[in-house]
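Right, one structure below, let's go through it.
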Amino acid sequence: MDPSGEGVPIADAVVIGAGPGGLSTAFQLARRGARVVTFESETAGHSFSDEGAKPVHHLRTSGYLSNLVRDGFDYNLGSTGIGYDELEHPASLFPRLEEYGNLAEAGRKGLEQLTGKPVHDIPEYSYGYGDTSEPALRSIFFAHMSRVAQSVAQDHENSFLCERSPVSKVSFQDGLYTVETARGHKVKARNLVMATGLTGKNGEHARQLPIFQDYAEKNPQVFENLSDISKLPEKPGRPLLLQERSLGNQAVRQSLAALPEGSRAAVVGSGESALKGALEMLHLNPNLSVDLFVKGPIEASQVQIPPEYFQFSDAILATPGSDERARSESKRFGTPLTPRSLRLFFELQQTGRARLLEMGERFDAASVNLGTGEDSKITVQVTSAEALKSLERSRAGFQSSGMLSPEADAPYEYDAVVQAIGYRPPPLEKLDVLKQLNLPVEAEDSMFVNTTGSTTHQMHTTIPGLAINGRLLAKEIASKLPQERITELKPTQLLDVGAFDHTSEERLAEVPFSLKSGGLDEFGFNSYYRHLDREDGKSPSGVSRLIFTEFDRSLRTMYEKLPSERTPAEEETLRRGQALAERMRGLHLPPSDQVDELSRAGKLKEYVDNGPSPE
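If you read the sequence shown in our numbering, its first letter stands for residue 216, the second for the next number, and so on.
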């Protein structure tokens, strides 16, 4: 209790923000015995902090990776790769996957009964523990984050989580922070953790394309929500120029759902956010068609960081030079889209409702002209010769997979255009925060930051990176607690021991960055490669493990089908997943129905190394 006589409780730490960064920090603090209070302005567990988006945006920002929530694993080196022990605490996602899936399925059915409408966000099929591609689904990730939030709120006597409690004031005096909220909370704390997220409270950190800003200024007949979505009329009756962050807003959803038959919308952006936004719009209105403009070419992968980094740990983050190499590899890896989402989009393209337009260039004044067509629709004219060539190459690729391809002279006239090009949060450093909150410099030693804007390493922009950072911050804060109050964690729960902590510094400097030349793969890549002539190496399943990681099970399943059994959408998704995997690993995947023949001829390894022989 506050010795000043004000009667205000004193916490060891106050965490502001209950997204992935805030929850991971609060969870680890609570496990270590700290008295922690977490304040969240909206609902805990969302990694998208637009207050208008509500729960529909569980995970649509490209910096967060739902399929890599690995906080619940303790990695250990094994003879053929890295194994893992499942930890018995609520932050372990995979051991509870089926449970979460059942909860999500029950929620989907309840929501459908309540509204009488199908629910798109939550898939209808059952969940199995073994399908490691499932965590990429937003409903699963949301369930996981909700369980972590529930643990922070209920499992620890001295941990409190206050939702819908925006912080209104922070002050510092005599070594203590005083944190007040708009709902009347007042707490003092010895430490402050800022975990305020990526997008900004109202999405103000969303990136905007200058070409659309200029167009909106010159065309007042177009409604644009770049500044204030509250001005959106119930039935606009004019073209909409929107940010992807606003697709969860009820007024926007009603406007899109009310568009008449024959309406067309465009989404501009190359990441998972753009693809999910397009799918969401297609689901909202069965009369709507959607074009997705991407820089391209689009590739498919279940993860959105290079597979070398699946097993990254505290030690990797501390390795000299790892950040530079991580950025280089991440740039080479690009921004692939999850196979399930891409397949769904291609299935809709087969019906004529969707078109993927791979321009090969940025969407700007150098590649397109924006204009106004009939009924004040927004028109897009591709003017760049290189972009036109890229669109033609893309059409040829679709045709090779048996896909319906966009017409060469297709009209580009839109009732709505949505930008989905990511976020650019301002750099968030301690001194910046001190100035923003008008706090004295002496508060710096007891202030901590765990949010994307404060990243010091490329991998900190991912969910595992935020989780690792949360553990490190919790350790540092807990080290200041009285010894008798520190909770001793069991060895299997320490979570600070990663696979590479058992490796020499020389090995550590090499291991995470090359899978083919001596790199380490947690699912035994090198074992499969060295023993390609083994029985399991000869099968389509064995060969596919060389190319697709364990997380790319959906791509592997598509590959192992006979070509005649694949749908055109599956064929196209597989082609794009294979292109990325081969580009990153330097290996080649033979057609699944030719594996046995190549193996009998003793040419399988040659094909994998060098590709098909020239005729």
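Cβ coordinates follow ideal geometry from the N, Cα and C atoms, glycine included.
Run the CB neighbour count on Lys491, radius 10 Å, all protein chains shown included, and call it buried at 16 or more, exposed below.
buried
Alpha-carbon to alpha-carbon, Gly236 and Lys645
16 Å
Within the same chain, show all residues whose beta-carbon is closer than 8 Å to that of Pro454, passing over the 5 residues directly before and after it, in chain order.
Gln436, Val437, Phe438, Ser591, Lys592, Ile593, Tyr629, Asp630, Ala631, Val632
Distance between Ser807 and Leu777 (C-alpha atoms, nearest Å):
7 Å
Please work out which residues of its chain come closer than 6 Å, Cβ to Cβ, to Arg771, disregarding the five sequence neighbours upstream and downstream, and give them in chain order.
Ser759, Phe763
Rounded to whole angstroms, what's the CA-CA distance from Gln469 to Thr553? Just pull it up for me.
28 Å
For Met409, report the span of its beta strand (DSSP E) as first-last.
407-409
Which residue from Gln634, Val251, Gly567 puts its Cα closest to that of Pro224?
Val251
For Asp579, which residues in the same chain have their Cβ closer than 6 Å to its Cβ, ignoring the five residues on either side in sequence?
Ile426
Assess contact between the region 604-624 and the region 557-565, defined as three or more Cβ pairs (one per stretch) separated by less than 8 Å. Is contact present?
yes
Keeping to the same chain, check which residues put their C-beta closer than 7 Å to that of Gly549; ignore five residues upstream and five downstream.
Glu514
Going by DSSP, which residues form a beta bridge with Asn584?
Gln596
Under three-state DSSP, which class holds Phe578?
coil
I need the DSSP call for Arg832, collapsed to helix, strand or coil.
The requested residue 832 is not part of the displayed model; the chain covers only 216 to 830.
For the pair the region 227-243 and the region 680-700, tell me if three or more CB-CB distances fall below 8 Å.
yes
Own chain, CB closer than 8 Å to Glu476, minus 5 neighbours either side, in chain order
Asn502
Residues bridged to Gln458 (per DSSP)
Gln634
Helix, strand or coil for Val385, going by three-state DSSP, please let me know.
strand
If you run the structure through DSSP and keep just helix, strand and coil, what is Leu507?
strand
Evaluate Gln614 with the Cβ neighbour count: other Cβ atoms within 10 Å of its Cβ, from every protein chain shown; 16 or more gives buried, anything less gives exposed.
exposed
Using the C-alpha atoms, what's the distance from Ser814 back to Ser828?
15 Å
Residues bridged to Met662 (per DSSP)
Leu407
Just to confirm before moving on: does the CB-CB distance between Asp767 and Gln517 stay below 8 Å?
yes
Within this structure, are the beta carbons of Ser605 and Met574 separated by less than 8 Å?
yes
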